[in-house]
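Asks: Pasting in a structure now, in structure tokens, and then I'll have a few things to ask.
Numbering (this note's numbering), first residue to last: 20 to 255.
What follows is the structure, given as structure tokens:
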């Protein structure tokens, strides 16, 4: 609870904070190890994420602010997630405090794990990339800029490993913007991957790059949606 230290008074304070939020159990679960024998869902520069149980919402993902974090509160991330969840491509926000953020646990595989499973490609990869682009468009239209989505390998989880159900799970660096460009960032990532995936042989990479530039120049959502549809057609 007090990563990276283990102060007793800190732990007591944070346990009381969790009780107020309705968290009743923490689980050792996940692919990342903390202190060698405790497993967690993930660890970043500002927080760690653990699996927990809430008195109302059941199993949840609990984000814990690190003691050495430069952030003073989880409030900003909670406000961005509150907006992002309206798109249907972000976890539901259940609550937050200075040190904790409670959100829906998305059980599935990351984009990186998904691509490792399918290897050279297949229709599932096409579906996964198209659905990821639709999720990125939804965030653009909602005015949420996912700053670090240029490399979405571990920023996106597909619910139950379903290629049609992507969720953005990290809003630590996200911000509100009048003109976010999540779609162009995802297109750049996809372009970098096309040569490794046989299913995309014959795709006009130059055309995709030009469409991404055109999308960037759009001044309204109608233009963005029109260009986006052309991008999707190129990847069909």
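Every residue, glycine too, gets a C-beta built ideally from N, C-alpha and C.
DSSP puts residue 247 in a beta bridge; with which residues?
Replies: In the chain shown, the residue the question calls residue 247 occupies position 228. Beta-bridge pairing links residue 247 to no other residue.
Asks: Look at the alpha carbon of residue 231 and the alpha carbon of residue 121, and state the distance between them as a whole number of angstroms.
Replies: Numbered from 1 along the chain shown, position 212 holds the residue referred to as residue 231. Numbered from 1 along the chain shown, position 102 holds the residue referred to as residue 121. Rounded to whole angstroms, residue 231 to residue 121 spans 35 Å at the Cα level.
Asks: Within the chosen definition, does the stretch 78-87 reach the stretch 49-58 through at least 3 CB pairs nearer than 8 Å?
Replies: Taking 8 Å as the limit for Cβ pairs, the verdict is that the stretch 49-58 does not touch the stretch 78-87.
Asks: For the beta strand (DSSP E) holding residue 34, just list the boundary residues, first then last.
Replies: Counting from one through the chain shown, the residue named residue 34 turns up at place 15. That residue, residue 34, is in no beta strand (DSSP E); its alpha helix (DSSP H) goes 27-40.
Asks: Leaving aside the five residues before and after residue 205 along the sequence, list all residues of the same chain whose C-beta is less than 7 Å from its C-beta, in chain order.
Replies: Locating residue 205 in the chain shown gives position 186, where the first residue counts as 1. Here the set comprises 151, 152, 155, 168, 171.
Asks: Taking the alpha carbon of residue 32 as the reference point, which residue from 51, 116, 252 has its own alpha carbon closest?
Replies: The residue labelled residue 32 in the question sits at position 13 within the chain shown. Nearest C-alpha to residue 32: 116.
Asks: Please state the DSSP three-state secondary structure of residue 203.
Replies: Position 184 of the chain shown, counting from 1, holds the residue named residue 203. Three-state result, residue 203: helix.
Asks: Could you compute how far the alpha carbon of residue 92 sits from the alpha carbon of residue 75?
Replies: If you number the chain shown from 1, residue 92 lands on position 73. If you number the chain shown from 1, residue 75 lands on position 56. So the alpha carbons of these two residues sit roughly 24 Å apart.
Asks: Could you compute how far the alpha carbon of residue 28 sits from the alpha carbon of residue 62?
Replies: As a position in the chain shown, residue 28 is number 9, starting the count at 1. As a position in the chain shown, residue 62 is number 43, starting the count at 1. About 23 Å.
Asks: Quick one: measure Cβ to Cβ for residue 81 and residue 42, integer angstroms, because I've assumed they're closer than 8 Å.
Replies: Counting from 1 along the chain shown, the entry for residue 81 is found at position 62. Counting from 1 along the chain shown, the entry for residue 42 is found at position 23. Contact flag correct, Cβ pair sits at about 6 Å.
Asks: Indicate the three-state DSSP secondary structure (helix, strand or coil) for residue 233 in the structure shown.
Replies: Position 214 of the chain shown, counted from the first residue, corresponds to residue 233. Residue 233 falls in the helix class under three-state DSSP.
Asks: Closer than 7 Å by C-beta to residue 129: which residues in its own chain qualify, once you throw out the five before and the five after it? Chain order, please.
Replies: As a position in the chain shown, residue 129 is number 110, starting the count at 1. Here the set comprises 172, 173, 175, 176.
Asks: Would you kindly check if the distance between the Cβ of residue 193 and the Cβ of residue 257 is under 8 Å?
Replies: Within the shown structure, residues of the chain are numbered from 20 to 255, placing residue 257 beyond reach of any answer.
Asks: Give the single residue among 180, 24, 123, 158 whose Cα lies nearest to the Cα of residue 131.
Replies: Locating residue 131 in the chain shown gives position 112, where the first residue counts as 1. Answer by Cα proximity: 180.
Asks: Grouping DSSP H, G and I as helix and E and B as strand, with all else coil, what is residue 1?
Replies: Coverage of the chain is limited to positions 20 through 255, which leaves residue 1 absent and any answer about it impossible.
Asks: With respect to the alpha helix (DSSP H) encompassing residue 166, which residues constitute its N-terminal and C-terminal limits?
Replies: Counted from its first residue, the chain shown places residue 166 at position 147. Careful: residue 166 lies outside any alpha helix (DSSP H) and carries neither H nor E.
Asks: Count Cβ pairs between the stretch 45-54 and the stretch 64-71 that sit closer than 8 Å; are there 3 or more?
Replies: Yes, since at least three Cβ pairs between the stretch 45-54 and the stretch 64-71 fall closer than 8 Å, the two stretches touch.
Asks: For residue 55, which beta-bridge partners are listed by DSSP?
Replies: The count along the chain shown starts at 1 and reaches residue 55 at position 36. Answer is none; residue 55 lacks a bridge partner.
Asks: Report back the beta-carbon spacing between residue 187 and residue 99 to the nearest angstrom; my notes put them in contact at under 8 Å.
Replies: One-based indexing of the chain shown puts residue 187 at position 168. One-based indexing of the chain shown puts residue 99 at position 80. About 11 Å; that fails the 8 Å criterion.
Asks: Which residue or residues does DSSP assign as beta-bridge partners of residue 185?
Replies: The count along the chain shown starts at 1 and reaches residue 185 at position 166. Paired residues: 177.
Asks: Is it buried or exposed for residue 104, if we count other Cβ within 10 angstroms and need 16 for buried?
Replies: Numbered from its first residue, the chain shown carries residue 104 at position 85. The residue is buried, with at least 16 neighbouring Cβ atoms inside 10 Å.
Asks: Which residues in the same chain as residue 253 place their Cβ atom closer than 8 Å to its Cβ, once the five residues preceding and following it in sequence are excluded?
Replies: Taking the first residue of the chain shown as position 1, residue 253 is located at position 234. The answer, listed in chain order, is 222, 223, 226, 227, 230.
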